[in-house]
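A short worksheet on the structure shown next.
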Amino acid sequence: MKKFGCITLILTGLFVGCAQESNTDEKVSISIQVDPLHKEYYESAIGRVLEENPNAEIEIYNLSSFDVYELISMTTVTNEDVPDVFAIGADTVDSFARNDVLAKVNALEMAEEVGGWSDFQSGLGASFKVGEDYLGFPFNIETLIVFANKANAEKNEVSITGPIEFSNLNYEDMLVPVCEPWFGLAFTNAVGLTLLDRNDQEILYSDLVKDYSDLTEQQQKMFASLFKYWQGHYAAATDLWDSAAYIGYIESEIRSGGDASFRIDGPWGATGMLEKTNAGKDLEVLALTDVTVNGDTLKHWQSGWGLVINARIEEDAEKMALAEELIKELVNPEYAADLFNQTGKILENVSVENYLESDIDETNKKIIVATINSYKQSVPRPRVLEWNQVWATWQNSILSWSTVQPKTVEDAYKQVQASFVAMMSNF
Numbered sequence: 010m011k012k013f014g015c016i017t018l019i020l021t022g023l024f025v026g027c028a029q030e031s032n033t034d035e036k037v038s039i040s041i042q043v044d045p046l047h048k049e050y051y052e053s054a055i056g057r058v059l060e061e062n063p064n065a066e067i068e069i070y071n072l073s074s075f076d077v078y079e080l081i082s083m084t085t086v087t088n089e090d091v092p093d094v095f096a097i098g099a100d101t102v103d104s105f106a107r108n109d110v111l112a113k114v115n116a117l118e119m120a121e122e123v124g125g126w127s128d129f130q131s132g133l134g135a136s137f138k139v140g141e142d143y144l145g146f147p148f149n150i151e152t153l154i155v156f157a158n159k160a161n162a163e164k165n166e167v168s169i170t171g172p173i174e175f176s177n178l179n180y181e182d183m184l185v186p187v188c189e190p191w192f193g194l195a196f197t198n199a200v201g202l203t204l205l206d207r208n209d210q211e212i213l214y215s216d217l218v219k220d221y222s223d224l225t226e227q228q229q230k231m232f233a234s235l236f237k238y239w240q241g242h243y244a245a246a247t248d249l250w251d252s253a254a255y256i257g258y259i260e261s262e263i264r265s266g267g268d269a270s271f272r273i274d275g276p277w278g279a280t281g282m283l284e285k286t287n288a289g290k291d292l293e294v295l296a297l298t299d300v301t302v303n304g305d306t307l308k309h310w311q312s313g314w315g316l317v318i319n320a321r322i323e324e325d326a327e328k329m330a331l332a333e334e335l336i337k338e339l340v341n342p343e344y345a346a347d348l349f350n351q352t353g354k355i356l357e358n359v360s361v362e363n364y365l366e367s368d369i370d371e372t373n374k375k376i377i378v379a380t381i382n383s384y385k386q387s388v389p390r391p392r393v394l395e396w397n398q399v400w401a402t403w404q405n406s407i408l409s410w411s412t413v414q415p416k417t418v419e420d421a422y423k424q425v426q427a428s429f430v431a432m433m434s435n436f
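Numbering (the working numbering), first residue to last: 10 to 436.
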């Protein structure tokens, strides 16, 4: 088993005024996973919790969320290297729940105490509800946004004010790796195309097993736009249809002086974009919903991350209470600006107006506004464990165009259809 040297810091609530009590009472001790890059924010939040809980001890494990995933997959949650509190992506909840990894949390009560939600049960929190139980608490939202290089757009005579019609752009004006389903979803969601879900009878289905003629007119137009997009890149021999090289290609062309005017990416790409746009002087940020494909607004999933509690402490009321207090403090709206400045995370329970009134710099405020606006118009993520098979199925079918070299959009779609028919036959 891989051994993680992860315990780096222990913060305890041993304050002078409480020393006598702390020496006689047994401490309540929990641990939390912290990405080393985000340590400053976590330490501050832990400090505030310990001020209110002087007889507590909170241990920091220097791990990424993916390190924790690996530990759990290799062992069990009883492994001492797995922390008591850790972050997970919303798309992993059902898988962890199936394996009894997560403790139940008092999410509705916590949300009421933290504040900021107008409808907690319809937002990201719903992604952490399994059956009647909440197995996590929403942390930060994620979706796609649009970065625009103003200098390149001016050179290319492209307007950066929305709505921006994708099908009217030159193939290099807007760079998005549609071969990756995370990005392709923006287009399929725009036209109501279901890659995989369950119907009312709980039977798995996919719209992509249909013949091209059975797709709606807008769905056909969307594929026609993607086919035209591929034709342009294939003829120019760019690397956009190369899964190992597209990132380098996009980053080269979106740089000031390059040929690209727009890049679709997540808010996590902001730092790199600042470096590529003359320290942000050439940068503009738009919501994903500022882009259309044949008149249909691009939209992504309402994705994000949550904070969860290890099932091994579920029967320990004191540890559970401390863990829930820590989670509430990490998503405290009062410190939303600190959270963003130190981690880049955007809270669902903080309004655009509150972010705009904060001390966050103007460029990052644009990123926050674009992210929140994109998120609000995104669609819920399908709660289907089998969706994991869609990633490779979509990617391989779209990448196959460069090998098969279809002459028509109908032929290009047949590659996608065949891949999804094969996938569905495995269920």
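We put the CB at the ideal spot given by N, CA and C, even for glycine. Fair warning: this is a prediction, and the values are worked out from it, not measured in the lab.
Three or more C-beta pairs below 8 Å linking the segment 366-375 and the segment 341-350: Yes, the segment 366-375 touches the segment 341-350.
Beta carbon of G140 nearer than 9 Å to that of N179: no
Range covered by the beta strand (DSSP E) that runs through W314: Per DSSP, the continuous beta strand (DSSP E) segment holding W314 begins and ends at S312 to I318.
Cβ shell of I381 (< 6 Å), same chain only, five flanking positions each side left out: V361
Residues that P147 bridges to, as DSSP identifies them: G315
8 Å contact criterion, which I273 and L297 should meet: CB distance rounded: 7 Å
Own chain residues within Cβ distance below 7 Å of N32, not counting five before or after: Confidence is the limiting factor: at N32 the pLDDT is only 44, short of 50, which leaves the residue's position unreliable, though a coordinate-based value still follows. None.
Cβ separation of S215 and T203, assumed to be a contact under 8 Å, to the nearest whole Å: Yes, S215 and T203 are in contact; Cβ-Cβ is about 6 Å, under 8 Å.
Unbroken stretches of the beta strand (DSSP E), 3 residues or longer, contained in the segment 325-359: The beta strand (DSSP E) runs of length 3 or more contained entirely in the segment 325-359 do not exist; there are none.
Buried or exposed (CB count within 10 angstroms, at least 16 for buried), Q426: buried
Separation of V340 from G313, as counted between CA atoms: C-alpha separation (whole angstroms): 13 Å.
Extent of the continuous alpha helix (DSSP H) to which L235 belongs: E226 to A244
Assigned secondary structure, I458 (DSSP; H/G/I helix, E/B strand, else coil): As shown, the chain starts at 10 and ends at 436. That puts residue 458 outside it, with no answer to give.
Unbroken beta strand (DSSP E) run spanning R272, endpoints: F271 to D274
CA-to-CA distance, E52 to V25, given in whole angstroms: Note that V25 has pLDDT 37, beneath the 50 cutoff, so the model's placement of it is unreliable and no number is given.
Where Y180 sits in the DSSP three-state scheme: coil
Distance, A54 Cα to P342 Cα: P342 and A54: Cα-Cα distance of roughly 12 Å.
Residues bridged to A96 [DSSP beta-bridge criterion]: L316
Boundaries of the beta strand (DSSP E) in which Q414 is found, first to last residue: Careful: Q414 lies outside any beta strand (DSSP E) and carries neither H nor E.
Neighbourhood of S383 by C-beta, 8 Å cutoff - its chain only, sequence neighbours within 5 removed: T152, L153, I154, A296, L297, T298, K308 and H309
Per-residue burial, Q130 [other beta carbons within 10 Å of its own, 16 or more giving buried]: exposed
8 Å Cβ shell around P415 - same chain, five flanking residues per side excluded: F236, A421, K423 and Q424
N363 - containing alpha helix (DSSP H), residue span: V361 to L365
Any 3 or more C-beta pairs closer than 8 Å across the segment 181-196 and the segment 239-254: yes
Same chain, Cβ closer than 7 Å to T417, neighbours up to 5 away in sequence not counted: none
Cα-Cα separation between K36 and L335, rounded to whole angstroms: 16 Å
Residues bridged to E293 (per DSSP): According to DSSP, which records beta bridges pairwise, E293 is partnered with A157.
Separation of K337 from M119, as counted between CA atoms: 7 Å
Proximity of V200 and V302 at Cβ, strictly below 9 Å: yes
Cα-Cα separation between E163 and L224, rounded to whole angstroms: 37 Å
Close beta carbons around R107, own chain, < 8 Å, minus the five adjacent residues each side: L394
Distance between N165 and L144 (C-alpha atoms, nearest Å): 49 Å
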